Amino acid sequence: MKMKWRMALALALAICMPALYQGASAEEAHADQVISHILGAKSAIIDNAEGAASDQFVFLAFWDFDDTILKGDCAGGLRIDDKTVYRGLTELAIESGYSQIYDRDEGLARFWKDYVVLEENIGPWISYPFLPQMLRGSKAKDVSSLARNHFEDVLQNYFFKSSIKILNALEKNGIQNHVISASPDIFVDAAASPLGLPKERFNGVEVKIEDGRLTEEIVYPVTWAKGKVEKLTSIVAAIKRQHPGKQVIVLAAFGNSYGSDGPFMKYVVTRRLPAGKPIGVMINGGAPLESYQNIFLKVEQSEVLSSGQ
Ligand SMILES: [Mg+2]
583 MKMKWRMALA LALAICMPAL YQGASAEEAH ADQVISHILG AKSAIIDNAE GAASDQFVFL
643 AFWDFDDTIL KGDCAGGLRI DDKTVYRGLT ELAIESGYSQ IYDRDEGLAR FWKDYVVLEE
703 NIGPWISYPF LPQMLRGSKA KDVSSLARNH FEDVLQNYFF KSSIKILNAL EKNGIQNHVI
763 SASPDIFVDA AASPLGLPKE RFNGVEVKIE DGRLTEEIVY PVTWAKGKVE KLTSIVAAIK
823 RQHPGKQVIV LAAFGNSYGS DGPFMKYVVT RRLPAGKPIG VMINGGAPLE SYQNIFLKVE
883 QSEVLSSGQ
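Okay, so the sequence shown: first residue is 583 according to my numbering, each after it adds one.
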């Protein structure tokens, strides 16, 4: 009964004061809170440092991609209530004739059958790498251009408003955003341009490219669960080598899945900073697994960039 009243009130507000209602959207109020936490930690670290100089530091934030920055999944698409909202790049790549295993005309059904068996009977550690692997032999530039077009035409409309707000605010304040995704690297790289970030900041499951063509050879680590921690630490180590004498500090981690993102997010929030605290933001993550109780800020997001989506 209580819920019905709230819904009626919300509806009345939505009808009477559309502008005010949108502006006061309660569920997305966390973006400002997250931004001020992170900028607060950054300031505390600089204030605490000798000479209070910001150029002694490189500040970083790490993001999952699918269902964290993008509503839905760039490889798998987005379905709501059995209705396709948008299609994923895996299907589009097969239909474009980029898989030698699954032909463009009849391969799609067979692909999904195989994929479900790999994922459910064995696990993501074998099914995720299989996505770029089954494109072996295709030209990297063809797959890249398919992905770039799909981001430009469709996917960029489904970036979460709050994630983009946070990401842009961090970037503007000198905090580098990096993405570690379990989708194919060649797909997530195509998000660089619409997000206005360098392509090098995007890391997905990667296969070796030889003579311009994808191979089935995996470039480890597979960026899923513990593999995301490994990737994160190797990125931090590489940035340290590029900036000798500076301290590299990870201020924040963002994800949507305890299974896939929990490990790297926990790694980030359990580091000790010279001042302030790191934050892990779990987006639409549901009930936490036992080992992740009370360590992340849990938020809900649904609004996407394009109006009317
Ligand atoms: Mg995700």
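Where is the CB? At the ideal position from N, CA and C, for every residue including glycine.
Model, not experiment: these values are computed from the prediction.
Cutoff 6 Å; reference residue i; Cβ partners in own chain excluding five residues on either side
i: Lys653; result: Tyr740, Phe742, Val886
i: Asp649; result: Asn838
i: His612; result: Val881
Cβ-Cβ separation, residue j to residue i (assumed contact under 8 Å), whole Å
i: Gly858; j: Val850; result: At roughly 13 Å, the Cβ-Cβ gap does not stay under 8 Å, so Gly858 and Val850 are not in contact.
i: Val804; j: Thr797; result: Going by Cβ atoms, the distance from Val804 to Thr797 rounds to 15 Å, so no, they are not a contact pair.
i: Ala691; j: Arg730; result: With a Cβ gap of about 27 Å, Ala691 and Arg730 do not count as contacting.
i: Ala722; j: Gly794; result: 6 Å
i: Leu728; j: Leu674; result: 6 Å
i: Gly827; j: Leu871; result: The Cβ separation is near 39 Å, so there is no contact.
C-alpha distance - residue i paired with residue j, whole-angstrom precision
i: Lys855; j: Tyr874; result: Here the sequence assigns Leu to residue 855, which means Lys is not the residue at that position. Spanning the two alpha carbons is a distance of roughly 20 Å.
i: Gly809; j: Ser765; result: 13 Å
i: Gln604; j: Ala807; result: Unreliable placement is indicated for Gln604, whose pLDDT of 42 sits below 50; no coordinate value is reported for it.
i: Val616; j: Glu753; result: 14 Å
i: Glu702; j: Lys695; result: 11 Å
i: Gln829; j: Ile620; result: 17 Å
i: Val699; j: Asp614; result: 42 Å
i: Ala751; j: Asp629; result: 20 Å
i: Ser678; j: Gly633; result: 57 Å
i: Tyr710; j: Thr672; result: 11 Å
i: Ala606; j: Asp685; result: In this predicted model, Ala606 has a pLDDT of only 45, less than 50, meaning its place in the structure is not dependable enough to derive any value.
i: Val736; j: Ala626; result: 40 Å
i: Ile768; j: His732; result: 13 Å
i: Lys848; j: Gly705; result: 22 Å
i: Phe693; j: Pro780; result: 32 Å
i: Ile800; j: Tyr697; result: 17 Å
i: Ala623; j: Ala631; result: 12 Å
i: Arg823; j: Asp663; result: 48 Å
i: Lys665; j: Ile831; result: 42 Å
i: Cys656; j: Glu610; result: 23 Å
i: Ile651; j: Glu792; result: 30 Å
Neighbourhood of residue i by C-beta distance below 7 Å, restricted to the same chain and skipping five residues each side
i: Val667; result: Gly654, Leu660, Arg661
i: Gly841; result: Ala807
Given residue i as reference, the closest of the options once Cα atoms are compared
i: Thr852; options: Ala722, Ala675, Ile757, Ile877; result: Ile877
i: Val770; options: Ala613, Ala611, Gly670; result: Gly670
i: Asn785; options: Pro776, Asn759, Glu799, Gly794; result: Asn759
i: Tyr802; options: Trp707, Val698, Asp843; result: Trp707
i: Phe639; options: Ile768, Val818, His732, Gln883; result: Val818
i: Ile746; options: Gln715, Arg823, Ala774; result: Ala774
i: Gln715; options: Ser681, Ile748, Ala626; result: Ser681
i: Ser720; options: Ile683, Gly622, Gln824; result: Ile683
i: Ser888; options: Asn755, Leu779, Gln738; result: Gln738
i: Met755; options: Glu610, Ala631, Ser636; result: The sequence given here places Asn at residue 755; Met does not occur at that position. Nearest option by C-alpha distance: Ser636.
Contact check, residue i vs residue j, beta carbons under 8 Å
i: Phe846; j: Ile865; result: no
i: Gly689; j: Ile676; result: yes
i: Ile821; j: Phe641; result: no
i: Pro860; j: Leu833; result: yes
i: Asp646; j: Ser816; result: no
i: Phe644; j: Leu777; result: no
i: Leu713; j: Val787; result: yes
i: Val761; j: Arg783; result: yes
i: Ser744; j: Gln883; result: yes
Nonlocal neighbours in the same chain, by C-beta distance under 8 Å from residue i, ignoring five residues either side
i: Arg588; result: With a pLDDT of 41 at Arg588, under the threshold of 50, the modelled position of this residue cannot be trusted; read the value that follows with caution. Contacts found: none.
i: His825; result: Val640
i: Asp724; result: Ser678, Tyr680
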